[in-house]
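A short write-up of the structure that comes next.
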Amino acid sequence: MNKFIDNAINEQDLKIVGGTQQFAYLDIRDAASGIIALLAVPAEKWKPVYNLGYLRSYSIQEIANIVKIVGKEFNLFVKIIKETSDVSSFAELDSTLFYHDTNWQPKYNMEAMVRNIFENRLRGKIN
């Protein structure tokens with residue numbers, strides 16, 4: 001995601017291979033909020049292991065499309081170049097136990113994460 005955003009800011013094409021690979025991302029604001037939610041639960045009620053992640057994973061193609069769409073909000077026009085490949089990867093987390101035990105869920109989807117990164121990277125570069 002960060003590489004795609006950097007490419008968009010630097011007016012470079014987004015190159016993806018395959019595009020169906022799935023990855024789980026979590027906004028840093030949600031990570032901090034989730035940890036705080038866990039700390040509010042008495043430690044004796046904690047399970048030995050939790051996954052802390054977003055509600056779903058995103059494909060590389062979806063991420064590239066979101067970067068393209070959000071980039072337009074910043075007057076950045078992105079071209080996606082897709083190379084056909086049978087590359088496969090599936091890195092998704094099941095965080096339902098964490099959500100249940102902490103009564104917490106993440107707030108920031110991929111679009112919000114991408115927009116936040118664009119805003120922070122472009123701060124001071126526009127005008």
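Everything in the sequence shown is counted per the numbering used here, starting at 1 for the first residue and increasing by one. Positions of the beta carbon are idealized from the N, C-alpha and C atoms, including for glycine. Only a predicted model underlies this, so the values are computations on that prediction, with no experimental measurement involved.
{"query": "Residues bridged to tyrosine 58 by DSSP?", "result": "Phe23"}
{"query": "Within 10 angstroms of the Cβ of glutamine 21, are there 16 or more other Cβ atoms? Answer buried if so, exposed if not.", "result": "buried"}
{"query": "Can the beta-carbon of leucine 39 be found less than 9 Å from the beta-carbon of phenylalanine 74?", "result": "no"}
{"query": "Take the Cβ of alanine 32 as the centre, count every other Cβ of all protein chains shown within 10 Å, and call the residue buried at 16 or more, exposed below.", "result": "exposed"}
{"query": "Looking at the secondary structure, which residues open and close the beta strand (DSSP E) in which valine 17 lies?", "result": "14 to 17"}
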